[in-house]
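Offset between the sequence shown (1-based) and our numbering: plus 90. For each residue, glycine too, the CB sits at the ideal point set by N, CA and C. A short write-up of the structure that comes next.
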Amino acid sequence: MSGAKNGMFMVCVELQGKDEILVDSSCRSAMLHYRSSLLHALSTLTFSPMLLFGHAEEKQNVILELFSDFEEDQNHPVTDIYVEIQSRHVELYSASLGIHAHFTGLRYLMFHWPLLSAAVGITSNLFFILLITGLSWYQLYQPESEETARKFQYAALDRKDEFKFNGEPDDSSFEDASFMEDSGKLNESDQSIQNLETESRQFITELARS
């Protein structure tokens, strides 16, 4: 059927919620494509084998957008959709209703590429979790050795100051003895620090293996 014989017709749709409450409605005009008698005869002759075996039909597909930028109200969700074609001459074989979501930004990526978005999201989360865990372990074990080293250094400096103020300034042997004693304590503190670092490294290695 050609558009010249049928003319234009209206397609209306109503969106209803619970208790048959009208949420929204829309009407759009549509028209079949015009085909002359010569074009109709040539197309029928060309596709006659497919028409005979049922692989093709003499029909037209009309795509019509009824709503644009429609947002559903959460308080009044749509439960029923009624479609009305206001024409007596249009022969209708079938009709289908499609809903297309228009997303932007991150929602667009998650909707069109869900696997890629999931892979990137999971990888980034694991990276930040491992980074925070490593920093936490470092802050938990490393400052202990640093604090002990600082304590030993401060104690040695305080003892040197006490010997300088309380002792005799001209007694070089006494200063040498105190310096040797402090150096021995510093060596002991260095050894204890090295032992703590070795134990912490062994502990972290055992955790990584487990």
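When DSSP states are grouped into helix, strand and coil, Phe143 belongs to the coil group.
By DSSP's assignment, Leu112 forms a beta bridge with Gln106. In the DSSP assignment, Tyr198 falls within the unbroken alpha helix (DSSP H) covering Leu196 to His202. Here Leu112 is exposed: its Cβ has fewer than 16 other Cβ atoms, across all protein chains shown, within 10 Å.
Around the beta carbon of Leu230, a 10 Å sphere encloses fewer than 16 other beta carbons of the protein chains shown; the residue is thus reported as exposed. Close CB contacts of Leu141 within its chain, under the 8 Å cut and outside five residues either way in sequence, are with Thr134, Glu147 and Glu148 (chain order). Comparing alpha-carbon positions, the option among Asp170, Val210, Ile175 and Thr194 lying closest to Ala120 turns out to be Ile175.
According to DSSP, residue pairing for Ser119 in a beta bridge involves Met100. Beta-bridge pairing by DSSP links Asp170 to Gln106.
Ranked by Cα distance from Leu122, the options Ile153, Leu128 and Glu104 are led by Ile153. Under DSSP, the beta-bridge partners assigned to Ile175 are Val101.
Within the same chain, Phe201 come within 7 Å of Phe193 by CB-CB distance, once the 5 residues on both sides are set aside.
A check of alpha carbon separations from Phe157 across Ser126, Ala191, Ala185 and Ser184 identifies Ala191 as the nearest.
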